[in-house]
Amino acid sequence: MTTDKNLKEYKKWYETEPFEDFVGPFYYKKDSEEKYVSAFECKKYHLNAMGSLHGGMIMSFIDYTLFVICLESIKEQSFVTVSCSTEFLNPSINDQIIFGDGEITQETKSMIFIKGRIYNKDKNLSTFSGILKKIKSN
Numbered sequence: 003m004t005t006d007k008n009l010k011e012y013k014k015w016y017e018t019e020p021f022e023d024f025v026g027p028f029y030y031k032k033d034s035e036e037k038y039v040s041a042f043e044c045k046k047y048h049l050n051a052m053g054s055l056h057g058g059m060i061m062s063f064i065d066y067t068l069f070v071i072c073l074e075s076i077k078e079q080s081f082v083t084v085s086c087s088t089e090f091l092n093p094s095i096n097d098q099i100i101f102g103d104g105e106i107t108q109e110t111k112s113m114i115f116i117k118g119r120i121y122n123k124d125k126n127l128s129t130f131s132g133i134l135k136k137i138k139s140n
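Just so you know, we're using this note's numbering here: the sequence shown kicks off at 3 and counts up by one.
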């Protein structure tokens, strides 16, 4: 669980993810509709020189969100991101909680296709689509 009072219902990924913990940290939960939602608290170090949420931060969060959306499908298998497209729609100026959600659009034996959005309490910030590929674990 997180100690952030705004994200108290969220939990961290079940494994240690050094990069995501460093740039985030990121969290997730199941909402009332049994859909996975990811979240992080936007801090000053997540902003660009213009004072809005940095596009690279959004893309890092999208990569995390791809896996959160697929949590039930990937279980304890190993997957990697092989494709991720991002459309930036609106800036996020104020420090606030940023969310991500989406859906699986297609699933094969070795690949999962996903689409989703990143948003704050006011508006959508970006949309995305991505593909995760199953890899053999050593």
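Even for Gly, the Cβ is constructed at its ideal location relative to N, Cα and C.
If only uninterrupted beta strand (DSSP E) runs of at least 3 residues are considered, those enclosed by the segment 19-96 are 29-32, 38-43 and 80-90. Between asparagine 96 and the set Asp103, Tyr30, Asn122 and Gln79, the nearest pair of CA atoms involves Asn122. Phenylalanine 69 and leucine 49 have their alpha carbons spaced roughly 24 Å apart. By the C-beta density criterion, phenylalanine 42 is buried, having at least 16 other C-beta atoms within 10 angstroms. Distance from tyrosine 29 to leucine 9 at the Cβ level is roughly 5 Å; contact confirmed, criterion being Cβ atoms closer than 8 Å. In the DSSP assignment, the residues bridged to aspartate 103 are Arg119. Residue pairing by DSSP leaves glutamine 98 without any beta bridge partner.
One thing to note: serine 85 has its Cβ no nearer than 7 Å to the Cβ of isoleucine 120. The beta carbons of phenylalanine 115 and threonine 107 sit about 5 Å from each other, so the pair counts as a contact at 8 Å. In this structure serine 94 is in contact with leucine 55, their Cβ atoms being roughly 4 Å apart against a cut-off of 8 Å.
For lysine 111, no beta strand (DSSP E) run applies, since DSSP gives it neither H nor E. Taking a C-beta distance under 7 Å as the contact criterion, isoleucine 137 and serine 80 qualify as a contact pair. Within the model, the alpha-carbon separation for glycine 58 versus phenylalanine 90 is close to 11 Å.
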